[in-house]
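Residue numbers (the working numbering): 154 to 401. A virtual CB, placed ideally from N, CA and C, is assigned to each residue, including glycine. The structure appears right after this line, and notes come after that.
Here it is as structure tokens:
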């Protein structure tokens, strides 16, 4: 109510001008690494059990999560990859001990392969046809730019903001602010942020003044690791990006 007792008009949301998008679990997925790791090792004469390969993948991923912030430059990325490859080799044990640093780095790169979710290209094209600015806002290293290019998504986007390059990671508001600047200086209230992490994407977007959308794909193990719990009331939850144009 206003001071004179009349009801104030309802606040209307600003029209959407930009959509910020998380990468892993939102735009791109990770092919199961264990099979690729086993094949990469076999090609170099190394045989291990699938369970051992699984432990090596988990060891690599744990180290990468802790250290990927250092991968914002080519030298930094090379150092992180070398350490991750070493962690993988250690977890593989004696069968892989003879692989030198270069061979193990190649095994690492062959083991982690990304793909664009099938609905994503058409959704991005539809959003761009409406004149919306599309910017990736992701906790990743410098190699994300290569991933977006290799999966064919780069030409459908207006830019990408990467945490390791910017020195700030979601849920830090600075990464969202930088992404809005790349989108052409769009105001937070005129932007959606779409991501698969409650702790990083939803909480970060709300704190930065953006409207969050949670993507909860079936079997999304990445999201299950963030410990963010369920989305707050009122946050749209999608099982894929197919319904996203209806929210924009």
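Residue environment, residue 331, which counts as buried when at least 16 other CB atoms sit within 10 Å:
As a working mapping, residue 331 is identified with position 178 in the chain shown. Per the 10 Å Cβ criterion, buried.
Between the alpha carbons of residue 302 and residue 226, how many angstroms are there, rounded?
Along the chain shown, read from residue 1 onward, the residue named residue 302 stands at position 149. Along the chain shown, read from residue 1 onward, the residue named residue 226 stands at position 73. If you take the alpha carbons of residue 302 and residue 226, they lie about 18 Å apart.
For residue 368 and residue 178, which I take to be in contact (beta-carbon distance under 8 Å), what is that distance rounded to the nearest angstrom?
Locating residue 368 in the chain shown gives position 215, counting from the first residue. Locating residue 178 in the chain shown gives position 25, counting from the first residue. Their Cβ separation, rounded to whole angstroms, is 7 Å, which keeps residue 368 and residue 178 in contact under 8 Å.
Which same chain residues end up closer than 8 Å to residue 189 when comparing Cβ atoms and leaving out the 5 residues on each side of it in sequence?
Locating residue 189 in the chain shown gives position 36, counting from the first residue. The beta carbon of residue 189 sits closer than 8 Å to those of 263, 264, 265 and 266, all from its chain and outside the five residues before and after it, given in chain order.
How about the region 193-213 and the region 229-249: do they share at least three Cβ pairs that are nearer than 8 Å?
Note that the region 193-213 touches the region 229-249; at least 3 beta-carbon pairs, one per stretch, sit closer than 8 Å.
How long is the line joining the alpha carbons of residue 366 and residue 395, rounded to whole angstroms?
Translated into positions along the chain shown, residue 366 becomes position 213. Translated into positions along the chain shown, residue 395 becomes position 242. For residue 366 and residue 395, the distance between alpha carbons rounds to 13 Å.
By Cβ distance, which residues of its chain are closer than 6 Å to residue 238, with the 5 residues on each side in sequence left out?
Here residue 238 refers to the residue found at position 85 when the chain shown is read from its first residue. Its chain contains 257, 258 and 261 as the residues whose beta carbon lies nearer than 6 Å to that of residue 238, once the 5 sequence neighbours on both sides are disregarded; these appear in chain order.
Limits of the alpha helix (DSSP H) - the one that residue 329 falls within:
For the purposes of this step, residue 329 is taken as the residue at position 176 of the chain shown. 326-335 is the span of the alpha helix (DSSP H), which, as asked, contains residue 329.
For the structure I just gave you, are there three or more beta carbon pairs, one from the region 271-288 and one from the region 382-398, closer than 8 Å?
These segments touch.
Any 3 or more C-beta pairs closer than 8 Å across the region 290-298 and the region 197-205:
Touching, no.
What distance in whole Å lies between the Cβ atoms of residue 358 and residue 346, which are believed to be in contact at a cut-off of 8 Å?
For the purposes of this step, residue 346 is identified with residue 193 of the chain shown, where counting begins at 1. For the purposes of this step, residue 358 is identified with residue 205 of the chain shown, where counting begins at 1. The C-beta distance from residue 346 to residue 358 rounds to 4 Å, short enough to fall under 8 Å.
Considering Cα atoms alone, identify which of 186, 218 and 216 is closest to residue 203.
Here the question's residue 203 lines up with position 50 in the chain shown. Ranked by how close their Cα comes to the Cα of residue 203, the residues 186, 218 and 216 have 186 in first place.
Under a Cβ-count criterion, where at least 16 other Cβ atoms within 10 Å of its own Cβ denotes burial, should residue 279 be classed as buried or exposed?
Taking the chain shown and counting its residues from 1, one reaches residue 279 at position 126. It is exposed - the Cβ of residue 279 has fewer than 16 other Cβ atoms within 10 Å.
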